[in-house]
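Notes for the one structure printed next.
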Amino acid sequence: MEEEKQNQKRARIRKRADAIKDFRCKNLIAVLENPSDIRNIGTVIRNVNALGVEKVYVVDKRGGLPDDWEDLRDRRSLSKASASAVKWTFVKRFGDTESCLQHLEVNGFVSIATSPHVKGKSNLYLDECDYTEHAKLAVWFGNEGRGISDLAVERSELCVSIPMFGMIESMNLATSSGIILYEVAKQRRAYQSQYRRRDKRSPRSEPLPTVMPRERADDE
Ligand SMILES: C[S@@+](CC[C@H](N)C(=O)[O-])C[C@H]1O[C@@H](n2cnc3c(N)ncnc32)[C@H](O)[C@@H]1O
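Positions in the sequence shown are counted from 1; adding 23 to them yields the working numbering.
Structure, rendered in structure tokens:
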């Protein structure tokens with residue numbers, strides 16, 4: 024009986040994993056630069072997983088996170104803060120900003136920075152930007168107190184802001200990641216649904232769906 028339940032659970036997980044595959048945004052990475060609060064890291068991982076972003080890179084100068092992904096997945100505080108999303112999400116740790124930038128650049132990724140402030144040469148509000156221009160895109164989020172580093176801004180093509188209408192200076196790191204990655208992933212999913220290749224090459228005869236059919240919480 025117990026074994027049968029386990030098999031059913033595994034089959035459900037496999038079905039879900041197959042169903043979400045086509046909706047994941049290929050070559051889209053969220054980068055957290057020196058986050059200090061484990062709850063923020065967990066929440067960003069949860070957002071990344073929920074929104075279909077491919078990977079998370081964490082620049083962790085303090086060495087608070089393990090290098091090995093398996094160890095990271097087993098970290099209880101992270102698993103709890105991410106509602107177990109860390110189990111299903113690719114997370115890679117870097118010791119400093121330079122090595123992360125180098126890894127991204129060698130692999131053909133273009134970076135964009137995020138900040139509530141005007142930074143660097145080119146600044147746009149979130150919904151003014153086309154996030155499908157680059158085949159490989161990394162979106163950087165800064166530290167809770169210090170924000171994004173000058174180095175990350177220098178090596179980013181532009182800096183994106185969520186417009187602010189209140190009295191406070193900035194949004195919470197994890198909250199801003201949810202808002203920004205929602206827009207970026209929505210645009211890239213729409214692109215993927217219409218074209219197989221970059222530069223609007225190979226249009227699909229039938230666009231793929233951009234949202235999944237909703238299920239009731241108790242649906243099998
Ligand atoms: C709490 S904020 C950092 C505030 C910091 N004092 C600063 O100068 O940026 C942490 C991170 O969340 C993101 N963030 C927060 N509010 C944002 C906004 N309005 N627009 C874009 N990104 C934002 C940025 O990545 C920022 O580095």
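Note that beta-carbon positions come from the ideal geometry of N, C-alpha and C, so glycine has one too.
Point to revise | Residue interval of the beta strand (DSSP E) (run including Cys123) | key: Segment Thr120 to Val129 is the alpha helix (DSSP H) holding Cys123; no beta strand (DSSP E) there.
Check your understanding: Based on the DSSP output, what are the partners of Arg116 in its beta bridges?
Key -> BP columns for Arg116 point to Val81.
Check your understanding: Under a Cβ-count criterion, where at least 16 other Cβ atoms within 10 Å of its own Cβ denotes burial, should Gly17 be classed as buried or exposed?
Key -> The requested residue 17 is not part of the displayed model; the chain covers only 24 to 243.
Review point. CB-CB under 8 Å to Arg227, same chain, minus the five flanking residues each way: which ones, in chain order?
Key: Ser216, Gln217, Tyr218 and Arg219
Exercise for review: Mind checking who Ala106 pairs with in its DSSP beta bridge?
Suggested key: Per DSSP, none; premise fails for Ala106.
Check your understanding: When you compare only the Cα positions, how much space is there between Glu128 and Val54?
Key -> 13 Å
Check your understanding: Looking at the unbroken beta strand (DSSP E) that takes in Tyr148, where does it start and where does it end?
Key -> Asn146 to Tyr148
Review point. For Val207 versus Tyr154, is the C-beta distance shorter than 8 Å?
Key: yes
Exercise for review: Give a yes or no on contact between the segment 110-118 and the segment 60-77, applying the rule of three or more CB pairs nearer than 8 Å.
Suggested key: yes
Check your understanding: Can you name the start and end residues of the beta strand (DSSP E) that Trp163 belongs to?
Key -> Its beta strand (DSSP E) spans residues Leu160 to Phe164.
Point to revise | Terminal residues of the beta strand (DSSP E) in which Thr155 lies | key: Run containing Thr155: none; DSSP gives neither H nor E here.
**Study point:** ligand 1 heavy atom lying under 7 Å from the CB of Arg169
**Key:** yes
Review point. Hey, which unbroken runs of the alpha helix (DSSP H) at 4 residues or more fall wholly within the segment 172-243?
Key: 173-177 and 196-217
Practice item. Return the CA-CA distance between Ser200 and Asn70, expressed in angstroms with no decimal places. Key: 7 Å
Check your understanding: Would you report the Cα separation of Val183 and Asn146, rounded to the nearest angstrom?
Key -> 6 Å
Check your understanding: Within 10 angstroms of its Cβ, does Glu25 collect 16 or more other Cβ (buried), or is it exposed?
Key -> exposed
Review point. Looking at C-beta atoms only, is the number of pairs between the segment 83-100 and the segment 126-140 that lie closer than 8 Å three or more?
Key: no
Check your understanding: Between Ser184 and ligand 1, is the CB less than 7 Å from at least one heavy atom?
Key -> yes
Practice item. With a threshold of 16 other CB atoms inside 10 Å of the CB of Val141, please say whether the residue is buried or exposed. Key: Val141 should be labelled exposed.
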